[in-house]
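Chains as they are written, first to last, in the working numbering: chain A, 6 to 346; chain B, 6 to 346; chain C, 6 to 346; chain D, 6 to 346. The C-beta atom is built at its ideal place from N, Cα and C for all residues, glycine as well. This report refers to the structure that appears directly beneath it.
There are 4 protein chains.
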Amino acid sequence: MDTIKIGVAGLGRLGLIHAHNIAGMKGVELTAVSNLDNTVNQQTKEKYDISYTYTAYEDMIQNEELDAVCIVTPSGFHPDHIYKALRKNLHVFCEKPIGLDINEVRNMIPVIEQSNKVFHLGFMRRYDADYMYAKDMIDRGDIGEISIIRSYGLDPIEGLDSFVKYAAKNTSGGIFSDMSIHDIDIIRWYTGSEIKQVWAMGNNKAAPSLSELNEVDIGTATMKLENGAIAFVAAGRTANHGYHVETEVIGTEGMLRIAATPDKNKVTVFDNNGVIRPTSQNFAERFRESYVKEIEEFVRCIRNNDKPEVNAWDGLRSTEVAAACQTSLEEERLVEIQYER
Amino acid sequence: MDTIKIGVAGLGRLGLIHAHNIAGMKGVELTAVSNLDNTVNQQTKEKYDISYTYTAYEDMIQNEELDAVCIVTPSGFHPDHIYKALRKNLHVFCEKPIGLDINEVRNMIPVIEQSNKVFHLGFMRRYDADYMYAKDMIDRGDIGEISIIRSYGLDPIEGLDSFVKYAAKNTSGGIFSDMSIHDIDIIRWYTGSEIKQVWAMGNNKAAPSLSELNEVDIGTATMKLENGAIAFVAAGRTANHGYHVETEVIGTEGMLRIAATPDKNKVTVFDNNGVIRPTSQNFAERFRESYVKEIEEFVRCIRNNDKPEVNAWDGLRSTEVAAACQTSLEEERLVEIQYER
Amino acid sequence: MDTIKIGVAGLGRLGLIHAHNIAGMKGVELTAVSNLDNTVNQQTKEKYDISYTYTAYEDMIQNEELDAVCIVTPSGFHPDHIYKALRKNLHVFCEKPIGLDINEVRNMIPVIEQSNKVFHLGFMRRYDADYMYAKDMIDRGDIGEISIIRSYGLDPIEGLDSFVKYAAKNTSGGIFSDMSIHDIDIIRWYTGSEIKQVWAMGNNKAAPSLSELNEVDIGTATMKLENGAIAFVAAGRTANHGYHVETEVIGTEGMLRIAATPDKNKVTVFDNNGVIRPTSQNFAERFRESYVKEIEEFVRCIRNNDKPEVNAWDGLRSTEVAAACQTSLEEERLVEIQYER
Amino acid sequence: MDTIKIGVAGLGRLGLIHAHNIAGMKGVELTAVSNLDNTVNQQTKEKYDISYTYTAYEDMIQNEELDAVCIVTPSGFHPDHIYKALRKNLHVFCEKPIGLDINEVRNMIPVIEQSNKVFHLGFMRRYDADYMYAKDMIDRGDIGEISIIRSYGLDPIEGLDSFVKYAAKNTSGGIFSDMSIHDIDIIRWYTGSEIKQVWAMGNNKAAPSLSELNEVDIGTATMKLENGAIAFVAAGRTANHGYHVETEVIGTEGMLRIAATPDKNKVTVFDNNGVIRPTSQNFAERFRESYVKEIEEFVRCIRNNDKPEVNAWDGLRSTEVAAACQTSLEEERLVEIQYER
């Protein structure tokens, strides 16, 4: 089959990762990028020998050479960008979430479903070898039926400043929409059940300045699922020790933990601090391979006319849960989630 | 000073541990035991060369030689046994909880406070070297201000049958009163703050038969504290891997975990199952030293006319929280705790 | 620059890995393979869409399209295959060792050095992120001066049968040449010093049948280096727990361990065996990325007319040490190594 | 039975530990201490309410009240002190080694064997729960037949100054006699076989000043056992990370490690250094319980007229091996050990 030509929209940190991965794939071409800041465009063009650069997304998708776009723009733009790409008959890989506003996300579902293009939502943890290994154990029944899932996403404190700058200009959608949405997806994926009640809390003891942005530096959500399982989720922006993504599954016949400590590698250091395991400081390092695998899967689906496992409904459901958590946090009460089916 | 003479009431599994520890202490004599089953009394008498055995608690406390009693009878008897011992002018070491009924516990407070005898409540985790090490770190500010505490108590599945037999005859008070009360005490001890809201859930996927006893095999409680900290507690009766007591404290400047895995010892085994850390199967092994240290502290208080750090208010507060969790579990709602001060 | 066309010689387990990696690289083409068994050739041709297959190495290197060969034939053929490829003006990537016979390896040095082609020896551990991280720590002086290095290579028992079959037909060169050569290279790389004395031992307690093949199932070598550092190496073929490659470096100001347990991934399982870390069962999984990176480096050197860090002298020196270990094992004595410079 | 009255000879760091443990045992009295420095004597007398203190060992053993002595004097005095105690009909607990000079140790054997008193040699690792757990696994055949034992004793650098002061006045007997003797005992205990060949090396990269004292700061010994097993031992005096005593046993069907990291407790700290396990800094903490248990066993043997498992031959054999290691280190050669049986 011919080379698949992809344009990447948005060259922030994650956008550059996707650009790098696409550029390195055999049988795939990083044909175009669109990004507001033209300096970054030119650097990227030079680095990966890209044919076209744009400062407007709308211009990029006019390029008739393109087969697909990879949308890594701020979350609030996602619905519009997805809509326009599908209308231009482009396959779409979109970073999570589909959108920040639930109604907008709901409205995207028929648009996506009626299109015959590949739509792939970037829940990269589903492509992480460790999360997949645990999924296999669960599906085989190795740990029995799931009673409790605990899932943490703790960002390193090094990233706090850049988040504050970002949140001052864009709405993040709140800590649950921005961060816990990955944990929510894992809970749904592992249990095969929907979340029906949530109680969320949060505070700003580590970064009081976040209060002005209506954000919390650490948030938790406790959840009851339709099948009776219980979930506890925590998200934080001020971890001193690194980028700590951890999931625990307690089953009736065993339990498992994925990445109980955010090990950087297989090295253990013995020095005057004690016995130390160096930690990974960023998502790019921790999920490097997952980002490659999800783009490979996106390309495979395009070539084989397949549908990705993660679909628009997964995007909607996780956004609905994140929004309910945000409501619970703000209104300090237990929130019931009513799904329209 | 003279030898301190102690009588142990109740020779169940934990009663025998206390008897053993008291018998081995220099300057202390295990003078009497009281227990319904006289066969156990005679075995214990012989093993430790004890002077007196009784089948009724009330008879034992008539013994004028005794300085103190160690109450390890079923929880429902605690208030009555404490009351009678204090009236006989005996120092009292009592296993948690002070009682199952909150009002009974509340009524005990003035009785205990007006007595001039030592009253020591058996929250043994406070005497565990690892929990103490973490407490010191927290108090020194090593991890900043506490944002989240997570604390688990998972009993091994081997103990399920004996719990079912016990629960058929006695009320355990529910999983939070029976098990999580230790975690509740740790939360109060570490934060120095009171719990004001709880949402508890539970299920019986691993041991459906517990439903008939109105018990759950696994329960969780999410808590909001007066100082804004968040706590998540889990208790279970069917852990396949051992006796797993674990506490995590997430602070604004670091986090720590106590006993993240229930290691039995310092041995690591490499065989065809992978790399294995053997686990401890019972509380007696995990907290062996703590049980010794708490009795030593009890004896020290008697000798020095001191007051133990853990007092009757700690007993009341933790029972109030456990009861609120039970209410939340049964009524499926968020529960506010109103403390009378 | 044009696409670089590579032929892979030998499609055993490792040969197939190299073929797969080469086939997946952008800007590189897996143009040909040579292998005795034509069935494997045809499967590989189909899988990777390869233009040419050969049953004789000599035929493959006649193919004028080729820029380079990747030699993964049995070790005894390496000198001949390197020689012929260089004479045909092909860049050479060769799996360790350069050869089994020291004189043959010595004779290759001028041939390789006088050629202007890239010669890259497959010490893949040097391209492992964990080994590189430790190398950086050592070079920065984080652990002071090196006193002791301990390095293990333990193969899983699952591979024993296939080794026995291989060793019955080919000479492996002995356990030190076949396995410890990687550890010897690491010792030289980390210390920057040469090994001058060795005492090797071995036994066949786990696989007595190896005695007939003049092999041991486990072997150790203790070494004294020119700079006074001490090394201890162990190699085994019957590890029940997995593929265990581990290195420890004790320095004057700290120590470090690489892969102290052969973790398969970041999952920890808690079940009735205790707390288990699943282990990696094979070198292909453990060093998957290293095999990619070393071929990338080989290609980079070809494109940039660079020399790989690992050169023919590294191949000679490590073979000399492995041979001295074998002599020590057979003659049961301390062996001095005399290097010709 | 009557109270057993013990005198402790030598109130250095370890002597004070033994004194403390003896003072705390029920049924045992710390009746006397002898120590050169009378200030320490008076402090100890006051702390434990001891009846007699002496500045000369010879005076203490004249005390007719004593049943037993615990000898913790410098190693060079051990033979003389053991001899005199036995002649005064006292049971003897003696810290390792029996003596520094092999002939002196050999001459003690008949003296000890012909006495009918309990003689207990202080190899406390044999009373460590972790070492005992591993011994049980080995004896049950869980890991098959032993191929390799690796055993480390690394002292924390904090102790270096006090060692230098000690070694300036007393001969330590060399690092193998002083430190590795514990590892040698473990090797003999676990394998049930004798060591027949050793090659020892050492260097002073971390503490060059030790050269003047004819000591090394780190030493290794590789050993061949009569049953074909291989052992590798390392001892060091400058570990930056703590008191690291670790043993590994590689068997034909599995392997195990005891204390692969010198964990202080069950706490894991996550802070800006990474994930840290605090380490134990001293032998007193690591082997606290073992020191209690070995004295309990000594007392049990006295009461029951039993013989301790560790006898004078164990003392002789381990000293012979340590001496051979020292010879190997000094003469830079492989040393054969000839045992007289």
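Handout entry: Separation of E294/D from M30/B, as counted between CA atoms
Key = As a first step, residue 30/B must be located in the second sequence, where it is residue number 25. As a first step, residue 294/D must be located in the fourth sequence, where it is residue number 289. Taking the straight line joining both Cα atoms gives about 16 angstroms.
Exercise for the section: Mind listing the chain D neighbours of N40/A? Cutoff is C-beta to C-beta under 9 angstroms, in chain order. Expected result: Position 35 of the first sequence, counted from the first residue, corresponds to residue 40/A. Under the 9 angstroms cutoff, chain D gives no residues; its nearest Cβ is about 33 angstroms from N40/A.
Handout entry: Through-space distance from K10/C to A28/A, alpha-carbon basis
Key = Counting from one through the first sequence, the residue named residue 28/A turns up at place 23. Counting from one through the third sequence, the residue named residue 10/C turns up at place 5. When the Cα atoms are used, A28/A and K10/C turn out to be separated by approximately 20 angstroms.
Practice task
Pick out whichever of F237/D, N232/D and N112/D has its Cα sitting closest to the Cα of S156/D.
Solution key: To locate residue 156/D, count along the fourth sequence from 1; it is residue 151. Each of F237/D, N232/D and N112/D was checked against the Cα of S156/D, and the nearest Cα belongs to F237/D.
Exercise for the section: Could you run through the stretch 255 to 271 of chain A and flag, in chain order, every residue whose CB is less than 8 angstroms away from some CB of chain D? Expected result: Taking 8 angstroms as the upper bound on Cβ-Cβ separation, chain D lies near residues T266, P267, D268 and K269 of the stretch 255 to 271 of chain A.
Exercise for the section: Would you verify that the beta carbon of G158/D is, or is not, closer than 8 angstroms to some beta carbon of chain B? Expected result: To locate residue 158/D, count along the fourth sequence from 1; it is residue 153. Taking a beta-carbon distance threshold of 8 angstroms, G158/D does not count as an interface residue toward chain B.
Handout entry: Minimum Cβ-Cβ distance from I281/D to chain A less than 8 angstroms
Key = The residue labelled residue 281/D in the question sits at position 276 within the fourth sequence. Chain A, which has a Cβ nearer than 8 angstroms to the Cβ of I281/D, makes this yes.
Problem - Rounded separation between L19/A and I76/A - CA only - result: The residue you call residue 19/A lines up with position 14 of the first sequence. The residue you call residue 76/A lines up with position 71 of the first sequence. The alpha-carbon separation between L19/A and I76/A amounts to approximately 10 angstroms.
Exercise for the section: With a threshold of 16 other CB atoms inside 10 Å of the CB of D64/C, please say whether the residue is buried or exposed. Expected result: Counted from its first residue, the third sequence places residue 64/C at position 59. Burial call: exposed.
Handout entry: Span of the beta strand (DSSP E), counted from its first residue to its last, around G320/B
Key = Position 315 of the second sequence, counting from 1, holds the residue named residue 320/B. It is not in any beta strand (DSSP E) - G320/B instead sits in the alpha helix (DSSP H) that spans A317 to E336.
Problem - Where K271/C sits in the DSSP three-state scheme - result: Within the third sequence, the letter at position 266 stands for residue 271/C. The answer is coil: DSSP assigns K271/C none of H, G, I, E or B.
Handout entry: Where T36/D meets chain A, residues with beta-carbon distance less than 9 angstroms
Key = Taking the fourth sequence and counting its residues from 1, the one referred to as residue 36/D is at position 31. Within 9 angstroms Cβ-Cβ: nothing; T36/D doesn't reach chain A, min ~41 angstroms.
Handout entry: Touch test, the stretch 147 to 166 of chain D against the stretch 206 to 221 of chain C, Cβ-Cβ under 8 angstroms, three pairs minimum
Key = Segments in contact, yes.
Exercise for the section: For Y344/A, count neighbouring Cβ atoms within 10 angstroms of its own Cβ and tell me buried if that reaches 16, exposed if not. Expected result: The residue you call residue 344/A lines up with position 339 of the first sequence. Around the beta-carbon of Y344/A, fewer than 16 other beta-carbon atoms lie within 10 Å, marking it exposed.
Problem - CB of Y296/A within 8 angstroms of CB of M129/A, strictly - result: Mapped onto the first sequence, residue 296/A falls at position 291. Mapped onto the first sequence, residue 129/A falls at position 124. Between Y296/A and M129/A, the C-beta spacing is below 8 angstroms.
Practice task
Step through the CB atoms of chain D and report whether any lies within less than 8 angstroms of the CB of Y132/B.
Solution key: Your numbering for residue 132/B matches position 127 in the second sequence. No, Y132/B lies away from the interface with chain D (no Cβ there is under 8 angstroms from its Cβ).
Practice task
Name the residue from L334/B, Y88/B and V280/B whose alpha carbon lies nearest to the alpha carbon of E118/B.
Solution key: Position 113 of the second sequence, counted from the first residue, corresponds to residue 118/B. Measuring from the Cα of E118/B, the nearest candidate turns out to be Y88/B.
Problem - 8 angstroms Cβ cutoff met for A14/C and Y62/C - result: Locating residue 14/C in the third sequence gives position 9, counting from the first residue. Locating residue 62/C in the third sequence gives position 57, counting from the first residue. Against a cut-off of 8 angstroms, the Cβ pair of Y62/C and A14/C comes out as a contact.
Practice task
Please say whether F124/B and Q331/B have beta carbons closer to each other than 8 angstroms?
Solution key: Along the second sequence, read from residue 1 onward, the residue named residue 331/B stands at position 326. Along the second sequence, read from residue 1 onward, the residue named residue 124/B stands at position 119. F124/B is positioned such that its CB atom lies no closer than 8 angstroms to that of Q331/B.
Problem - Per-residue DSSP class, three states only, for E258/A - result: Position 253 of the first sequence, counted from the first residue, corresponds to residue 258/A. When secondary structure is reduced to three states using DSSP, E258/A falls in the coil class, being assigned neither helix nor strand.
Practice task
Please state whether DSSP places E341/A in a helix, a strand or coil.
Solution key: Along the first sequence, read from residue 1 onward, the residue named residue 341/A stands at position 336. In this structure, E341/A counts as strand in the three-state DSSP scheme.
Exercise for the section: Would you mind telling me which residues of chain C sit closer than 8 angstroms to V297/A, beta carbon to beta carbon, in chain order? Expected result: The residue labelled residue 297/A in the question sits at position 292 within the first sequence. The contact set of V297/A on chain C, defined by CB atoms closer than 8 angstroms, is empty, because the minimum CB distance reaches about 11 angstroms.
Exercise for the section: Could you tell me whether the stretch 220 to 227 of chain A touches the stretch 315 to 331 of chain B, where touching means 3 or more Cβ pairs closer than 8 angstroms? Expected result: By the Cβ rule, the stretch 220 to 227 of chain A does not count as touching the stretch 315 to 331 of chain B, because fewer than three pairs are nearer than 8 angstroms.
Problem - Neighbour list for A239/D in chain C, Cβ cutoff strictly below 8 angstroms - result: By one-based count along the fourth sequence, residue 239/D stands at place 234. I153 and I255, listed in chain order.
Practice task
Flag M142/A as yes if its beta-carbon sits less than 8 angstroms from any beta-carbon of chain B, otherwise no.
Solution key: Taking the first sequence and counting its residues from 1, one reaches residue 142/A at position 137. Answer no: the Cβ-Cβ gap between M142/A and chain B never drops below 8 angstroms.
Problem - Coarse secondary structure for Q202/B, derived from DSSP in three states - result: Start at 1 with the first residue of the second sequence, and residue 202/B comes out as number 197. Q202/B: strand per DSSP, three-state reduction.
Problem - Straight-line gap, N108/B to L230/A (C-alpha atoms, nearest Å) - result: Taking the second sequence and counting its residues from 1, the one referred to as residue 108/B is at position 103. Taking the first sequence and counting its residues from 1, the one referred to as residue 230/A is at position 225. Using only the alpha carbons, I get a separation of about 35 angstroms.
Exercise for the section: Report yes if the C-beta of H187/A is less than 7 angstroms from at least one heavy atom of the ligand GTP; otherwise report no. Expected result: As far as ligands go, the structure on display features none, and thus does not contain the ligand GTP.
Handout entry: contact_flag[the stretch 79 to 98 of chain A, the stretch 166 to 179 of chain A] where n(CB pairs < 8 angstroms) is 3 or more
Key = Yes: the two stretches touch, three or more of their Cβ pairs being nearer than 8 angstroms.
Exercise for the section: Please report how far the alpha carbon of M228/D lies from the alpha carbon of E258/C, in whole angstroms. Expected result: Working through the fourth sequence from its first residue, we reach residue 228/D at position 223. Working through the third sequence from its first residue, we reach residue 258/C at position 253. Roughly 27 angstroms between the two C-alpha positions.
Practice task
List the residues of chain A that D276/D touches, going by C-beta distances under 9 angstroms, in chain order.
Solution key: Working through the fourth sequence from its first residue, we reach residue 276/D at position 271. Within 9 angstroms Cβ-Cβ: N245 and H246.
Exercise for the section: In angstroms with no decimal places, state the Cα-to-Cα distance between T252/A and Y138/A. Expected result: Looking up residue 252/A in the first sequence gives position 247. Looking up residue 138/A in the first sequence gives position 133. Roughly 13 angstroms between the two C-alpha positions.
Practice task
Select from G17/B, I200/B, K101/B and N277/B the residue whose C-alpha is nearest the C-alpha of L41/B.
Solution key: Residue 41/B sits at position 36 when you count from the first residue of the second sequence. Taking only the C-alpha atoms, the option nearest L41/B is G17/B.
Handout entry: Q286/D to G158/D span [Cα, whole Å]
Key = The sequence position of residue 286/D within the fourth sequence is 281, counting from 1. The sequence position of residue 158/D within the fourth sequence is 153, counting from 1. When rounded, the distance between both Cα atoms is 13 angstroms.
Handout entry: For V38/A and A24/A, believed in contact at Cβ under 8 angstroms, the rounded distance
Key = Within the first sequence, numbered from 1, the residue matching residue 24/A stands at position 19. Within the first sequence, numbered from 1, the residue matching residue 38/A stands at position 33. With 8 angstroms as the limit, A24/A and V38/A qualify as a contact, their Cβ atoms being about 6 angstroms apart.
Problem - chain C within 8 angstroms of T273/D, Cβ atoms only - result: In the fourth sequence, the residue the question calls residue 273/D occupies position 268. So, not an interface residue.
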